[in-house]
Amino acid sequence: MMHDPLDSRTADVTPAAAPRARAEAEPQAMDREVPMDARELPNAVHAWLDGDQVPSVSLAGAEREVALWKRIGVETGRRSRMATPAHVPAQILAKLADD
Amino acid sequence: MQRIPKVWVGWRKKALSATRALDYTSVVPVNQTEPAPPDDLIDADQAVIDRVLAGDRNAFGILIERYSDPLYRHAYGMTGSADVAEDILQVSFIKAFHHLGEVRGRFDAWVFRIVANGCKDWLKNIRRTHLSYEEDDQPSSFETPEEELDRGEMRRDLDTALSALPDSLREAFVMKHVEGRSYEEMAVLLDATVGALKMRVHRAREALQKLLEERYS
Numbered sequence: 072m073m074h075d076p077l078d079s080r081t082a083d084v085t086p087a088a089a090p091r092a093r094a095e096a097e098p099q100a101m102d103r104e105v106p107m108d109a110r111e112l113p114n115a116v117h118a119w120l121d122g123d124q125v126p127s128v129s130l131a132g133a134e135r136e137v138a139l140w141k142r143i144g145v146e147t148g149r150r151s152r153m154a155t156p157a158h159v160p161a162q163i164l165a166k167l168a169d170d
Numbered sequence: 041m042q043r044i045p046k047v048w049v050g051w052r053k054k055a056l057s058a059t060r061a062l063d064y065t066s067v068v069p070v071n072q073t074e075p076a077p078p079d080d081l082i083d084a085d086q087a088v089i090d091r092v093l094a095g096d097r098n099a100f101g102i103l104i105e106r107y108s109d110p111l112y113r114h115a116y117g118m119t120g121s122a123d124v125a126e127d128i129l130q131v132s133f134i135k136a137f138h139h140l141g142e143v144r145g146r147f148d149a150w151v152f153r154i155v156a157n158g159c160k161d162w163l164k165n166i167r168r169t170h171l172s173y174e175e176d177d178q179p180s181s182f183e184t185p186e187e188e189l190d191r192g193e194m195r196r197d198l199d200t201a202l203s204a205l206p207d208s209l210r211e212a213f214v215m216k217h218v219e220g221r222s223y224e225e226m227a228v229l230l231d232a233t234v235g236a237l238k239m240r241v242h243r244a245r246e247a248l249q250k251l252l253e254e255r256y257s
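These protein sequence lines are chains A and B, in that order. Residue numbers for the first sequence follow the numbering used here, beginning at 72 and rising by one. Residue numbers for the second sequence follow the numbering used here, beginning at 41 and rising by one.
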C-alpha cells in the first residue's frame, strides 16, 4: 500500500491512536494501491507540464509521454472550465435563510 | 509487495485512432495559472464579511459568486463526482457562514481549507464503507459520437487513476492541472513549501503515467 506521509491530517496521529487508525485504514487497501515502479518522467516533460518554455529538442525521445499528456491535458482542460451549477448558490442562500 | 489496484484489472485494450502528430509549438495548455487575488480583492472580501457580520446575510452571496467555481472544480477533481462536489460546496459555504467571524487573513484561503478538508473527509468515509461510486451525469460537449466515446473513456480512466493516488498527490495534481494554480499559490493554500509541492505533482504525474500509458500508448 502506498502510504500518504504528506497528509498532515494523518501525520498528526498520536502513537496511542495509531493502531486504531491503522485498523480503520485496512479495508481500503486494495483501492489505494498504485504501482511503485513508476518510470520517471524526463525532467523536460515535467518542465513542459509546468508551463515552462521547453525547446522541442529537449522533448525528443519522449514522444509517447508527450502524446499521453496531451490527451490528459484535453480532459484536465475540460475540467478547468467547469463552473458551479447555477442552482447551487441560490440553494446555499436559501438554506442560510432557513437557519 | 507491488500490486495493481483491482479497478485496473480487466481493462480491455482499445485500438486508438491514429496517433496524433506531435507539435511541440502548440501543446495543449495543461497549465494555465490562476493568479492569486490582488490586495484590493482581499480588502473587498473583508468589506463583504463586515457587511455579513453586521446582519446583511445576502451579501454572503457575493463571496459564493466570487469563489464557488474554483472550489467546485477542486471538489469535483478530488471526488470525481458532480453531485458530491455540489454537496461539499454547500456544506462548506454554510460552515463558512457560521464561522465567518473567525476569518483571519485571506477569505479565499480560509474557505479553500474548509472545502479541502470536506473532500478528504468524504474520501476517508467512502473508502471505509467500501462504496463504489460511479456516475456519468456530465453534459456532453463533444462534437462527434466517436470523440465523445474516446474522451468519455479518458474521463473515467483519469478518475480511476486519480482515485488510486494518495490524497496529497491527488490534491496537488488537481490544484496544478485542473485548477491551474501556481506552485506559489498552492504553497499558500496548503501551507507547504514550493519544493514539496513540486515533488507531489511530479510523483502524481509519474504514477498517472504508469497507470494510463498501457491503455493509451
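No residue lacks a Cβ here, since even glycine has one placed at the ideal position from N, Cα and C. Bear in mind the structure is a predicted one, so any value in this text is a computation, not a measurement.
Does the Cβ of B/Tyr256 lie closer than 7 Å to at least one heavy atom of the ligand ATP? Questions concerning the ligand ATP fall outside what the structure shown contains, since it holds no ligand whatsoever.
Neighbourhood of B/Gly120 by C-beta distance below 6 Å, restricted to the same chain and skipping five residues each side: For the purposes of this step, residue 120 of chain B is taken as residue 80 along the second sequence, with counting starting at 1. Answer for B/Gly120: Asp199, listed in chain order.
Does any residue of chain B have a CB that is nearer than 8 Å to the CB of A/Ala50? Residue 50 of chain A is absent from the structure shown; chain A starts at 72 and stops at 170.
Indicate whether the contact test is met: 3 or more Cβ pairs, each with one atom in the stretch 203-213 of chain B and one in the stretch 137-145 of chain A, closer than 8 Å. no
Going straight from the alpha carbon of A/Ala157 to that of A/Val125, what length do you get? On the first sequence, residue 157 of chain A is found 86 positions in, with the first residue counted as 1. On the first sequence, residue 125 of chain A is found 54 positions in, with the first residue counted as 1. Answer to the nearest angstrom: the Cα atoms are 39 Å apart.
Do the CB positions of B/Arg97 and A/Ala161 come within less than 8 Å of each other? Numbered from 1 along the second sequence, position 57 holds the residue referred to as residue 97 of chain B. Numbered from 1 along the first sequence, position 90 holds the residue referred to as residue 161 of chain A. Contact flag unset, no.
Would you call the stretch 86-103 of chain B and the stretch 116-125 of chain A in contact, with 3 or more CB pairs under 8 Å? no
A/Lys166 to B/Phe137, Cα distance in whole Å? The residue you call residue 166 of chain A lines up with position 95 of the first sequence. The residue you call residue 137 of chain B lines up with position 97 of the second sequence. Taking the straight line from one Cα to the other gives about 11 Å.
Min CB distance A/Ala168 to chain B below 8 Å: Within the first sequence, numbered from 1, the residue matching residue 168 of chain A stands at position 97. True, the Cβ-Cβ gap to chain B drops below 8 Å.
Nearest-angstrom Cβ-Cβ length linking B/Val155 and B/His114, presumed shorter than 8 Å: Within the second sequence, numbered from 1, the residue matching residue 155 of chain B stands at position 115. Within the second sequence, numbered from 1, the residue matching residue 114 of chain B stands at position 74. 6 Å between Cβ atoms; contact.
For the alpha helix (DSSP H) containing B/Val131, name the first residue and the last one. Position 91 of the second sequence, counting from 1, holds the residue named residue 131 of chain B. Start and end: 122-138.
What number of angstroms, rounded off, separates the C-alpha of B/Lys250 from the C-alpha of B/Leu230? As a position in the second sequence, residue 250 of chain B is number 210, starting the count at 1. As a position in the second sequence, residue 230 of chain B is number 190, starting the count at 1. About 26 Å.
For B/Thr103, which residues from the same chain have a beta carbon less than 7 Å from its beta carbon, with the 5 sequence-adjacent residues on both sides left out? For the purposes of this step, residue 103 of chain B is taken as the residue at position 63 of the second sequence. Per the sequence shown, residue 103 of chain B should be read as Leu rather than Thr. If we look at B/Leu103 and ignore the five residues flanking it on each side, its Cβ neighbours are Asp85, Val88, Phe147.
For B/Gly221, which three-state DSSP category applies? Along the second sequence, read from residue 1 onward, the residue named residue 221 of chain B stands at position 181. According to the sequence shown, residue 221 of chain B is Arg rather than Gly. DSSP places B/Arg221 in strand when its eight states are reduced to three.
Mark B/Val124 as exposed unless 16 or more other C-beta atoms lie within 10 angstroms of its C-beta, in which case mark it buried. Locating residue 124 of chain B in the second sequence gives position 84, counting from the first residue. The residue in question, B/Val124, is buried, as its Cβ has 16 or more Cβ neighbours within 10 Å.
Close beta carbons around A/Ala118, own chain, < 6 Å, minus the five adjacent residues each side: Position 47 of the first sequence, counting from 1, holds the residue named residue 118 of chain A. Taken in chain order, the residues that qualify are Val125.
Inter-residue spacing [alpha-carbon to alpha-carbon] between B/Ala204 and B/Met118: Along the second sequence, read from residue 1 onward, the residue named residue 204 of chain B stands at position 164. Along the second sequence, read from residue 1 onward, the residue named residue 118 of chain B stands at position 78. Whole-angstrom Cα-Cα distance: 11 Å.
Residues of chain B with CB closer than 7 Å to the CB of A/Pro160, please, in chain order. By one-based count along the first sequence, residue 160 of chain A stands at place 89. Within chain B, the residues near A/Pro160 are Gly101, Ile104, Glu105, Ser108.
For the stretch 133-155 of chain B, enumerate the residues whose C-beta is nearer than 9 Å to any C-beta of chain A, in chain order. Phe133, Ile134, Phe137, His138
Which residues, in order along the stretch 81-100 of chain B, keep a beta-carbon less than 9 Å from a beta-carbon of chain A? Arg97, Asn98, Phe100
Find the nearest neighbour of B/Gly145 within the set B/Ala232, B/Gly220, B/Val228, judged by alpha-carbon distance. The residue labelled residue 145 of chain B in the question sits at position 105 within the second sequence. Closest option to B/Gly145, Cα to Cα, is B/Val228.
Work out the CA separation of A/Leu164 and B/Pro45 for me, nearest whole Å. By 1-based counting over the second sequence, the position of residue 45 of chain B is 5. By 1-based counting over the first sequence, the position of residue 164 of chain A is 93. In this predicted model, B/Pro45 has a pLDDT of only 39, less than 50, meaning its place in the structure is not dependable; the value taken from the coordinates is given anyway. Roughly 41 Å between the two C-alpha positions.
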